[in-house]
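Asker: Before we start, here is the structure in question, set down as structure tokens.
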Amino acid sequence: GKGFSGSRSTIDLSLIPTAQGLAVETPTDDLKIEAAGDLVTLSRPNGLTLSPPSATLEAGEREADAPKRAPHPSLILEEWAATEGFSERYRRLQDAAAQETLAATDNPRAPIGARLALSRFLVGSGLNYEAIGVLNALIAQAPNMQGEPEVRGLRGAARVGVGRLEEAQVDFAGAALSNDPAAKVWQGYIAAEQGDWEGARRAFAAGASVIDDFPKEWRARFGAAHALAAIETGDLPAARQLLDYVFSQNASAADQLAARVVQARLFDLTGDKARALAVYKAVARAPLDGIATPAKLGAISLELDKGALTPDQAAQQLELLKWRWRGDATELAVIRKLADLYLQQGRYREALDALRSAGKRMANVPGAAEIQADQSKAFRALFLEGAADGLQPVQALALFYDFRELTPIGADGDEMVRRLSRRLIDVDLLDQAAELLKHQVDERLEGVAKAQVATDLATVYLMDRQPEKALQAIWGSRTTLLPTAVNSQRRALEARALMDLGRYDHALEVLDRDQSAPAREVRGDVFWKQQKWADAAPLYEARLGDRHKQTDLPLTPAEESWLVRAGVGYSLSGNRAALDRLRGQYSPFIARARSANAIRVALDDDLSGVAGAADFAGLSANADTFVGWVNAAKQDFRKEAGGGRPATPAR
């Protein structure tokens, strides 16, 4: 076999001499080795780091007091910050960097030491925007410096300092910093700020060896972020130790107060709520809104839980707090708490308004996904789970339209619309119900689902005496493989629409041999319109079924209409036997009937008691089956909506 006689070393790997085969040493955990015959390929997911771009640069002059390079590219040293003579030192470093930039022109090997020294000074002094500007200008002049580890590390640190976490994440994720433990610390801090608690703990653990090398302010911030990650992952003992570490750093008052907020959270979770409340209230008095706001939120939550605040009082305080600090996860936490209170009080519009106030401007802020989930959950509770049933139908409709963008895609969203439309139908808001259903049919649905909703739409149009639109809804949603019951319902609706347009023969053709209950009902009405009394009367009697046996219950208005039409039909067709049978069965109901006179005349042995055409018209009007059909359709909609009671009337 073949061996490797020489030795090669790069940042990512070392090839050591072998008698046979190939031996590779690597400090990384993601080196990939692929062998294909005599060809061996070494790679990493983000590429190999062979040597930093600065290795080929010319040496430049160094200022006597220029900040020295840190042991790790992403590490900030405390000594970089100017304690005395800040302005003079800044001027010298800035002048040196400017001269270096002018001298570099287009030379790819021009030195960058003065510009890096200025960047270290700026980052160490907290002048992060200025540092970002210097480093971006360096990369613009020498694009290969994008891969220089220290350039990426310094710019990433500066970006964290100004809250540009996503941009910093890109810097620290590059292959140039893959072996830098200081970069892991920054990644842990970013993960904690973004709510990735497990990722934060892993990254902090990977960079633990260098945390003590950072300035005390950053040690305190890293410790507080790590403590919060420990709390969120349920490791309370670790959180307690980390907070002890933070308070031992003698950091600034602001950093210590931020850690106290985390400590109050720990007290709360361990049951020491009185101590937690005391800490929250103390921090809430600080003149630092970014720290005082989450403390105030914690205090409000605890006082609400113990009954020291009513929900109304808490909501009023949260409304004020919402405007005190904006643009980060703290604002989102305030909004979520406020919306939750409103929902508990049935103040649905205020809850949805509060949740929507976060808007797209905070789409990338940690917690934004939870806000969106809260909005969707509240909207579902209102229009799918019945929470809006206590609202007036008009109020429910207005609320739905104002937050229509929350309607979910798919079956749930379609069911929301159908439920709301059924409530509108129940209180005769037919135009509004039709508008909702038509939007579903035209814009959202296909196939079977479209046909089913279009069937509801056609029903609404017929209830509103718009047969042409009903036909359009049916004809525009035809599809195959519909359930038998749906097909029967659609045929009956189509026939009813044609009947309303006076196209009686066409209506009967549509019904054909369909013997379903809806088809028989429409067929009877068509025969009545055609004055085919002998054909219509048996169909109306059939709709009554065995109702004559339940003499203890009065007839419903619809049943009275069917009885009148059956009696008139038998009388006009000369079927005395059927009329006698009907009179014998239903005479006991006349005394308690709403239309007693009409029934009495209809069941008489002939229509000689009807003085003329006017009286016959009045008798037929009393037997109008349209109202009965509308009421039956409403009842069907109620059953589909999950309840049999009428909706609250519109006001």
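Be aware that the sequence shown starts at 795, since it is given in this note's numbering, and climbs by one per residue. Using N, Cα and C, we set each Cβ at its ideal position, and we do this for glycine too. Fair warning: this is a prediction, and the values are worked out from it, not measured in the lab.
Please tell me whether A1089 and V1128 are closer than 8 angstroms, where the distance is taken between their beta carbons.
Answerer: In this structure, V1128 does not lie closer than 8 angstroms to A1089 by Cβ.
Asker: Tell me which residues share the same chain as A1336 and place their Cβ nearer than 6 angstroms to its Cβ, disregarding the 5 neighbours each side in the sequence.
Answerer: Around A1336: no qualifying Cβ.
Asker: Check whether the Cβ atoms of V979 and L948 sit closer than 8 angstroms, and answer yes or no.
Answerer: No; because the gap between Cβ atoms is not below 8 angstroms, this pair is not in contact.
Asker: Three-state secondary structure (DSSP) at E878?
Answerer: E878 falls in the coil class under three-state DSSP.
Asker: For a quick check, are the C-beta atoms of P1312 and T1345 less than 8 angstroms apart?
Answerer: The answer is no: Cβ separation not under 8 angstroms.
Asker: Would you give the residue range spanned by the beta strand (DSSP E) that V834 belongs to?
Answerer: Unbroken beta strand (DSSP E) run through V834: L833 to S837.
Asker: Which class does I984 belong to by DSSP, given the choice of helix, strand or coil?
Answerer: Three-state result, I984: helix.
Asker: What's the call for N885, buried or exposed, on a 16-neighbour Cβ count within 10 Å?
Answerer: Strictly speaking, residue 885 in this sequence is Arg, with Asn absent from that position. It is exposed - the Cβ of R885 has fewer than 16 other Cβ atoms within 10 Å.
Asker: Drop a sphere of 10 angstroms on the beta-carbon of A1408, count the other beta-carbons inside from all chains shown, and report buried for 16 or more, exposed for fewer.
Answerer: Residue placement at A1408 is flagged as unreliable, the pLDDT there being 45, under the threshold of 50; a coordinate-derived value is accordingly withheld.
Asker: Does the distance from the C-beta atom of D1206 to that of L1178 stay below 8 angstroms?
Answerer: Yes, these two residues count as a Cβ contact at 8 angstroms.
Asker: Between L1115 and L1091, how many whole angstroms is the CB-CB distance? I'm expecting something under 8 angstroms.
Answerer: Contact holds; Cβ gap of about 6 angstroms.
Asker: I think E987 touches T1027, with their Cβ atoms under 8 angstroms apart; what is that distance to the nearest whole Å?
Answerer: No, E987 and T1027 are not in contact; Cβ-Cβ is about 15 angstroms, not under 8 angstroms.
Asker: To the nearest angstrom, report how far apart I1085 and I810 are at their CA atoms.
Answerer: So the two alpha carbons sit approximately 54 angstroms from each other.
Asker: Over what stretch of residues does the beta strand (DSSP E) that includes K826 continue unbroken?
Answerer: From DSSP, the beta strand (DSSP E) with K826 extends over K826 to A830.
Asker: Given this structure, state the Cα-to-Cα distance separating D1225 from D1183, to the nearest angstrom.
Answerer: In a straight line, the C-alpha of D1225 is about 20 angstroms away from that of D1183.
Asker: Measure the CB-CB distance between T835 and S972 and report whether it falls below 8 angstroms.
Answerer: Cβ atoms of T835 and S972: not closer than 8 angstroms.
Asker: Considering only their Cβ atoms, is the gap separating R1130 from D1083 smaller than 8 angstroms?
Answerer: Contact: no.
Asker: Counting C-beta neighbours from all protein chains within 10 Å, is the total for V1280 16 or more, i.e. buried, or is it exposed?
Answerer: So V1280 ends up on the exposed side.
Asker: What would DSSP say about E819, mapped onto helix, strand or coil?
Answerer: Looking at E819 - three-state DSSP - the assignment turns out to be strand.
Asker: Using the DSSP secondary-structure output, state which residues sit across from S972 in a beta bridge.
Answerer: According to DSSP, S972 bridges with nothing at all.
Asker: Note down, in chain order, each residue of its chain lying with its Cβ closer than 7 angstroms to the Cβ of L1191, except the 5 sequence neighbours on either side.
Answerer: Here the set comprises L1214, L1218 and Q1226.
Asker: Measuring only the C-alpha atoms, how far is R1290 from R1375?
Answerer: Whole-angstrom Cα-Cα distance: 30 angstroms.
Asker: With 16 as the cutoff for other CB atoms within 10 Å, does K1232 come out buried or exposed?
Answerer: Buried is the call here.
Asker: With L910 as the anchor, note down where its beta strand (DSSP E) starts and where it stops.
Answerer: Where L910 is concerned, there is no enclosing beta strand (DSSP E), although the alpha helix (DSSP H) it sits in stretches over G907 to G918.
Asker: For I810, which residues does DSSP report across the bridge?
Answerer: Paired residues: A817.
Asker: So, is the C-beta of G1161 closer than 8 angstroms to a C-beta in chain C?
Answerer: As a matter of chain content, chain C is missing from the structure shown, which is built from one protein chain.
Asker: Leaving aside the five residues before and after L1276 along the sequence, list all residues of the same chain whose C-beta is less than 7 angstroms from its C-beta, in chain order.
Answerer: Taken in chain order, the residues that qualify are V1242 and A1245.
Asker: Could you tell me the alpha carbon to alpha carbon distance between T1104 and F966, rounded to whole angstroms?
Answerer: Whole-angstrom Cα-Cα distance: 47 angstroms.
Asker: With H, G and I counted as helix, E and B as strand and the rest as coil, what does DSSP make of N798?
Answerer: Residue identity differs from the one stated: residue 798 is Phe in this sequence, not Asn. F798 falls in the strand class under three-state DSSP.
Asker: Compute the Euclidean distance between the alpha carbons of R1069 and A1102, then round it to the nearest angstrom.
Answerer: When rounded, the distance between both Cα atoms is 16 angstroms.
Asker: With distances taken Cα to Cα, identify the nearest neighbour of P867 among E882, G941, W1012 and D1122.
Answerer: Among E882, G941, W1012 and D1122, the Cα nearest to that of P867 belongs to G941.
Asker: Quick one: is E1125 buried, meaning 16 or more other Cβ sit within 10 Å of its Cβ, or exposed?
Answerer: So E1125 counts as buried.
Asker: Alpha carbon to alpha carbon, how far is Y983 from F998? Give it in angstroms, no decimals.
Answerer: Cα to Cα, the separation comes out at about 8 angstroms.
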